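Q:
Below you can see the structure in the form of structure tokens.
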């Protein structure tokens, strides 16, 4: 029995430094862990104790760890939970253990986003090649593309010419081509390195005859083509948020994130030029993400329609050509 007024001895628990230091003891860890579920559990603990940020396709440590282990081992992700559980008790070879351990270490200690470790990201239900030359796909545009922009284009002739401005990895351009199968899509970016990534993805989907990567600073290198649908996912992170980015985002190209004090510099430049590249019945969609909160202050009485997004995300607005043209005098004063 405890003596009077003596507090009971607490149960012994692992301290943070014990869990974190495990990443410096690969041999001990890989000797102790054997099955797939062992490594998923280990990855969850490491994610939690390293304050990993989940912003590239997963929402918590379980999802991130599960995807990391399955992807490292080339196991399918597009199967049911019940089918995935069949693999949980499978034992890893020494080479597989070393590979999974190295991914967990890089993900947790170095905060390298999982898509950069695996060179794969998913967008609109489609896998894409990705590396540090381009931003990791995560745009809520996927929802609008999968619905074929039905709230806006349902009574229109399907677009024949589409522009994806600031294409990055090309995921939006390719998804557009897959959903508008008779359209030509120009995939434009200022960054040649990002366009190299886009070209890899275009070749993988074998649609070089319909999706065309083009280097241009906005419209500077474009010809006289007019587009029926223009989709823009520009840099839109404001200066405040750039100073407070999670470590994971520091691995992405800064030029694909930052856009001035309020995050809207490139959006303003685009809006002043884009009307002349729109066909008479064209629609324009622009993503500004969290900088939506700065929009009214920057643009004043300039009016847009904010798209309803039901699958998460925010900050995409829409304008047709007539709506934009009517407001050009206001834009030109900004």
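In this note's numbering, the protein residues as written are 15 to 348.
Ideal placement from N, C-alpha and C gives every residue a C-beta, glycine not left out.
Model, not experiment: these values are computed from the prediction.
Thinking C-beta only, is residue 126 closer than 7 angstroms to residue 57?
A: Walking along the chain shown from the start, residue 57 turns up at place 43. Walking along the chain shown from the start, residue 126 turns up at place 112. For residue 57 and residue 126, no; Cβs fall outside 7 angstroms.
Q: Out of 64, 94 and 183, which has the shortest C-alpha to C-alpha gap to residue 140?
A: Here the question's residue 140 lines up with position 126 in the chain shown. For the residues 64, 94 and 183, the minimum Cα distance to residue 140 belongs to 183.
Q: State the DSSP-derived secondary structure class of residue 175, mapped to helix, strand or coil.
A: The sequence position of residue 175 within the chain shown is 161, counting from 1. Residue 175: strand per DSSP, three-state reduction.
Q: What does DSSP give as the partner residues of residue 320 in its beta bridges?
A: Here the question's residue 320 lines up with position 306 in the chain shown. Partner(s): 331.
Q: Specify, as a first and last residue, the run of the beta strand (DSSP E) that residue 266 falls within.
A: The residue labelled residue 266 in the question sits at position 252 within the chain shown. Looking at the DSSP string, residue 266 is not in any beta strand (DSSP E), and its letter there is neither H nor E.
Q: Under 7 angstroms between the Cβ atoms of residue 316 and residue 338?
A: Residue mapping note: residue 316 aligns to position 302 of the chain shown, counting from 1. Residue mapping note: residue 338 aligns to position 324 of the chain shown, counting from 1. Cβ distance not < 7 angstroms, so residue 316 and residue 338 don't count as in contact.
Q: Please state the DSSP three-state secondary structure of residue 67.
A: Here residue 67 refers to the residue found at position 53 when the chain shown is read from its first residue. Residue 67 falls in the coil class under three-state DSSP.
Q: With DSSP collapsed to three states, give me the class of residue 202.
A: Taking the chain shown and counting its residues from 1, one reaches residue 202 at position 188. If DSSP states are grouped into helix, strand and coil, residue 202 belongs with the strands.
Q: Is the beta carbon of residue 251 sitting closer than 7 angstroms to the one on residue 271?
A: For this step, residue 251 is matched to residue 237 along the chain shown. For this step, residue 271 is matched to residue 257 along the chain shown. Against a cut-off of 7 angstroms, the Cβ pair of residue 271 and residue 251 comes out as a contact.
Q: Of all the alpha helix (DSSP H) runs that stay within the bounds of the region 190 to 246, which reach a length of 4 or more residues?
A: Counting only runs of 4 or more, we get 206 to 218.
Q: Give the single residue among 43, 333, 293 and 306 whose Cα lies nearest to the Cα of residue 172.
A: The residue you call residue 172 lines up with position 158 of the chain shown. Comparing Cα-Cα distances from residue 172 to each of 43, 333, 293 and 306, the minimum goes to 293.
Q: Between which residues of its own chain and residue 312 is the CB-CB distance below 6 angstroms, once the five residues before and five after are set aside?
A: Taking the chain shown and counting its residues from 1, one reaches residue 312 at position 298. 276 and 278.
Q: Using the Cβ count rule (16 or more neighbours within 10 Å means buried), how would you classify residue 93?
A: Within the chain shown, residue 93 is the residue found at index 79, counting from 1. Under this definition residue 93 is an exposed residue.
Q: With distances taken Cα to Cα, identify the nearest neighbour of residue 290 among 308, 241 and 209.
A: The residue labelled residue 290 in the question sits at position 276 within the chain shown. For the residues 308, 241 and 209, the minimum Cα distance to residue 290 belongs to 241.
Q: Check whether the region 60 to 76 and the region 143 to 160 are in contact - that is, three or more C-beta pairs closer than 8 angstroms.
A: Taking 8 angstroms as the limit for Cβ pairs, the verdict is that the region 143 to 160 does touch the region 60 to 76.
Q: Tell me residue 399's beta-bridge partners as DSSP assigns them.
A: Summary: the structure shown does not reach residue 399, with the chain confined to residues 15 through 348, and so no result is reported for it.
Q: Just to confirm, are residue 176 and residue 190 a CB contact at a threshold of 7 angstroms?
A: The residue given as residue 176 occupies position 162 in the chain shown. The residue given as residue 190 occupies position 176 in the chain shown. Their beta carbons are under 7 angstroms apart, which means residue 176 touches residue 190 by this criterion.
Q: May I have the straight-line CA-CA distance separating residue 192 from residue 267, to the nearest angstrom?
A: Locating residue 192 in the chain shown gives position 178, counting from the first residue. Locating residue 267 in the chain shown gives position 253, counting from the first residue. For residue 192 and residue 267, the distance between alpha carbons rounds to 27 angstroms.
Q: Taking all protein chains shown into account, do 16 or more other C-beta atoms lie within 10 angstroms of the C-beta of residue 280, making it buried, or fewer, making it exposed?
A: Position 266 of the chain shown holds residue 280. Under this definition residue 280 is a buried residue.
Q: Between 47, 194, 200 and 216, which has its C-alpha nearest residue 83's C-alpha?
A: For the purposes of this step, residue 83 is taken as residue 69 along the chain shown, with counting starting at 1. With distances taken between Cα atoms, residue 83 lies closest to 47.
Q: On the DSSP bridge list, what partners appear for residue 292?
A: Here residue 292 is taken as the residue at index 278 of the chain shown, counted from 1. In DSSP, residue 292 forms a bridge with 241.
Q: What residue range does the alpha helix (DSSP H) around residue 279 cover?
A: Within the chain shown, numbered from 1, the residue matching residue 279 stands at position 265. Start and end: 279 to 287.
Q: In its own chain, which residues sit with a C-beta less than 6 angstroms from the C-beta of residue 36, not counting the 5 before and 5 after it?
A: By one-based count along the chain shown, residue 36 stands at place 22. Within the same chain, residue 36 has close Cβ partners 43.
Q: Can you list, in chain order, the residues of its chain whose CB lies under 7 angstroms from that of residue 170, leaving out five sequence neighbours each side?
A: Counting from one through the chain shown, the residue named residue 170 turns up at place 156. These residues qualify, in order along the chain: 295.
Q: If distances are taken between C-alpha atoms only, which option among 163, 258 and 188 comes closest to residue 322?
A: One-based indexing of the chain shown puts residue 322 at position 308. The candidate whose alpha carbon is nearest that of residue 322 is 163.
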